[in-house]
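Heads up: take any position in the sequence shown, counting from 1, add 482, and you land on this note's numbering. Yeah, the Cβ is synthetic: ideal placement off N, Cα and C, and Gly gets one too. To start, the structure under review is shown below, and the notes come after it.
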Amino acid sequence: MQLEIFQVDAFSAEPFGGNPAAVIPLDSWLPDDVLQRIAEENNLSETAYFVRNGEAYDLRWFTPTVEVDLCGHATLASAYVLFEQLGEQAPVLRFNTRSGELRVSRGADGLLAMDFPAKQPEAVEAPAGLLEALGLSSARAVYRSDDLVVVIDDASLLDPLKPDFVALSAFEVRGVAVTAAGRGFDFVTRWFGPRVGVNEDPVTGSAHTSLAPLWAERLGKNVLSCEQGGVRKGQLLCEVLGNGRVIISGRAALYLRGQVFI
483 MQLEIFQVDA FSAEPFGGNP AAVIPLDSWL PDDVLQRIAE ENNLSETAYF
533 VRNGEAYDLR WFTPTVEVDL CGHATLASAY VLFEQLGEQA PVLRFNTRSG
583 ELRVSRGADG LLAMDFPAKQ PEAVEAPAGL LEALGLSSAR AVYRSDDLVV
633 VIDDASLLDP LKPDFVALSA FEVRGVAVTA AGRGFDFVTR WFGPRVGVNE
683 DPVTGSAHTS LAPLWAERLG KNVLSCEQGG VRKGQLLCEV LGNGRVIISG
733 RAALYLRGQV FI
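Take a look at the structure:
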């Protein structure tokens, strides 16, 4: 069997930036264990698969170790493949996912805009050992949604972070985000997910469903410019709507197009 595969750098205007994702269009679903083994072989933070279903697409995402409920950058990459590589003409793409229907539109400026459900993280006490695992001496606040979100005052502390991934994997959350205001953006972030097989994700669109509402409340504004990453970085634009949704926008670049043989 041969499958077409695309590797797309999401949340970047050119290759070698943002977050790479593999995208594999399918005519029908393969067994789950095959989907998981392909994702493991790709060894990227996410491999996305989609199958046309009427006027929409069924979309699933796999890390090298698990299937996940929501992935922003691989959704952006999938939309880019459909719009720019496969000639999709619909003005808005509709994806059926484990997190409900997600919509992606293409703007005149080339930005791809994803309509995602927003999540409001709740303030919590920092779990014992969390700051030590991150290599931080203190935090302004800690929140919880799908992830633990650690807010710090100094954005310059982000790049030097070298977390203990074994220690972080002990916390029963999807991942841990460390975020701060500044550095030329409304907020900047790094995201670590050793528990789901991704020690660090360069740009995590799904994390911004919580980060954007959090920073919108802290900064008193609904449209926010964002950057995420350590050595490798990507950029996002988030708009928090009043209906429990958040629009997460970014660009994408094609790195690879080829064939998988299984």
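Item                                                                                                          : Value
Beta-carbon separation (whole angstroms), ALA561 vs LEU512, contact threshold 8 Å                             : So it is not a contact: roughly 22 Å between Cβ atoms.
Candidates VAL722, VAL631 and GLY687, of which the one nearest LEU701 by Cα                                   : VAL722
Whole-number beta carbon distance between SER527 and ASP683, since they are thought to touch under 8 Å        : 5 Å
Straight-line gap, ASN578 to GLY554 (C-alpha atoms, nearest Å)                                                : 14 Å
For THR547 and ASP515, the rounded distance between their alpha carbons                                       : 11 Å
Residue interval of the beta strand (DSSP E) (run including VAL582)                                           : For the record, residue 582 in the displayed sequence is Gly; it is not Val. Run containing GLY582: 582–588, per the beta strand (DSSP E) assignment.
Beta-carbon proximity list for LEU541, same chain, < 8 Å, skipping 5 on both sides                            : ALA530, TYR531, PHE532, THR557, SER560, PHE577, ASN578, THR579 and LEU584
Outcome for ILE520 when other beta-carbon atoms lying within 10 angstroms are tallied against a minimum of 16 : buried
C-alpha distance - GLU486 paired with ALA608, whole-angstrom precision                                        : 45 Å
Rounded separation between GLY603 and LEU696 - CA only                                                        : Looking at the sequence shown, residue 603 is not Gly but Pro. C-alpha separation (whole angstroms): 7 Å.
Straight-line Cα distance separating ARG665 from SER638                                                       : 8 Å
DSSP bridge partner residues for TRP543 (one or two, in chain order)                                          : ALA530 and VAL550
Beta-carbon proximity check, THR691 vs ALA600, cutoff 8 Å                                                     : yes
Status (buried if at least 16 other CB within 10 Å, exposed otherwise) for PHE743                             : exposed
Extent of the continuous alpha helix (DSSP H) to which PHE647 belongs                                         : 647–650
Start-to-end residues for the beta strand (DSSP E) that takes in SER692                                       : Where SER692 is concerned, there is no enclosing beta strand (DSSP E), although the alpha helix (DSSP H) it sits in stretches over 690–701.
According to DSSP, residues forming a beta bridge with PHE565                                                 : PHE565 pairs with nothing; no bridge assigned.
Delimiting residues of the beta strand (DSSP E) encompassing ILE634                                           : Taken as a continuous stretch (DSSP letters only), ILE634 belongs to no beta strand (DSSP E), as it is neither H nor E.
Pick from GLY732, GLU614 and LEU738 that is closest to ALA649, judged by C-alpha positions                    : GLU614
Chain C contact for ASP597 (CB, 8 Å cutoff)                                                                   : Absent here is chain C; the protein component of the structure consists of one chain.
Start-to-end residues for the beta strand (DSSP E) that takes in VAL722                                       : 715–722
First and last residue of the uninterrupted alpha helix (DSSP H) at ARG519                                    : 514–524
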